[in-house]
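Have a look at the structure below before the remarks.
Residue numbers (our numbering): 2 to 88.
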């Protein structure tokens, strides 16, 4: 991930009051097998999560990986999540 993207995420996190994130990695399955596309998405997601955790170690991150047969580009969708923790 580019330094510019990392700075955008940092600015976005500073602007939000919620420190829970959901990252959805969407990887195309054009020329690779389904399992390879999921593995690639997982690896990219872990790299992105590590970059975010360097800046914000207290942020809670959930990640999902999806393969899109019709898509030709990879993308990461990052949103905030609100979770209630059972007491």
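Ideal Cβ placement from N, Cα and C applies to all residues, glycine included.
* Just curious, the beta strand (DSSP E) that residue 24 is in, first and last residue? -> By 1-based counting over the chain shown, the position of residue 24 is 23. Where residue 24 is concerned, the enclosing beta strand (DSSP E) stretches over 21-29.
* Asked: In three-state DSSP terms, what is residue 32?
  -> In the chain shown, residue 32 corresponds to position 31, counting from 1. Residue 32: coil per DSSP, three-state reduction.
* From residue 29 to residue 61, what does the alpha carbon distance come to, in whole angstroms? -> What you label residue 29 is simply residue 28 of the chain shown in a count that begins at 1. What you label residue 61 is simply residue 60 of the chain shown in a count that begins at 1. The alpha-carbon atoms of residue 29 and residue 61 are separated by roughly 26 Å.
* Helix, strand or coil: how does DSSP classify residue 59 here? -> The residue you call residue 59 lines up with position 58 of the chain shown. Looking at residue 59 - three-state DSSP - the assignment turns out to be coil, as it is neither helix nor strand.
* Within-9 Å CB hit, residue 6 to chain B -> Note that chain B does not occur in the displayed structure, where there is just one protein chain.
* **Per DSSP, the bridge partner or partners of residue 64** => The residue given as residue 64 occupies position 63 in the chain shown. 24.
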